[in-house]
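Participant: First residue of the sequence shown: 332, per my numbering; consecutive thereafter.
All residues carry an ideal CB built from backbone N, CA and C; glycine is no exception.
Bear in mind the structure is a predicted one, so any value in this text is a computation, not a measurement.
Have a look at the structure that comes next, please.
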Amino acid sequence: MKEEQVMSTEWVAAIAGKAMDGLYARSAALAHNVANANSAGFSPLRVTFEDALSDAAAARPGDTAATRRERVEAVRPQTVASPDTVRLDREIADASQASARYALLAGVLARTLQLRQLAVRGG
């Protein structure tokens with residue numbers, strides 16, 4: 332397998348893994364919101380990471396694979412309190428979406444691992 336192909340599967344795995352970290356944090360925040368929905372004065376939590384991950388992964392002049400990977404690895408989900416009130420329908424819909432996206436990325440990582448195994452076996 333060529334070096335650029337190896338880097339490609341590693342790159343996919345790195346980005347997918349970071350996105351899964353963000354989705355995990357979002358799912359935890361959504362569960363927290365649902366559990367505290369009836370608490371007086373509770374402010375729901377919101378987690379963002381997509382824009383930061385996209386910006387970190389974007390190629391810039393003079394970048395090497397290592398510098399891009401370092402930027403991606405540095406991305407952390409950001410959790411902030413929202414001024415909105417908790418709406419259970421929104422929380423459930425957001426949780427469903429986060430779960431579906433997480434499952435999709437888990438499939439991408441599994442496929443990436445299969446490709447690596449195939450390359451090692453010479454198939």
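For T410, does the three-state DSSP call read helix, strand or coil?
Facilitator: The count along the sequence shown starts at 1 and reaches residue 410 at position 79. T410: strand per DSSP, three-state reduction.
Participant: Given that a residue counts as buried once 16 or more other Cβ atoms are within 10 Å of its Cβ, and exposed if not, what is N364?
Facilitator: Residue mapping note: residue 364 aligns to position 33 of the sequence shown, counting from 1. N364 is buried by the Cβ-count criterion.
Participant: For the beta strand (DSSP E) that V378 lies in, which residues bound it at each end?
Facilitator: Within the sequence shown, numbered from 1, the residue matching residue 378 stands at position 47. Here the beta strand (DSSP E) through V378 covers L376 to T379.
Participant: Under 8 Å, with one C-beta from each stretch per pair, do the stretch 429-439 and the stretch 345-364 reach the 3-pair mark?
Facilitator: yes
Participant: Using 7 Å as the threshold, is the C-beta distance between A344 and L436 below it?
Facilitator: Within the sequence shown, the letter at position 13 stands for residue 344. Within the sequence shown, the letter at position 105 stands for residue 436. Taking 7 Å as the Cβ cut-off, A344 and L436 do not qualify as a contacting pair.
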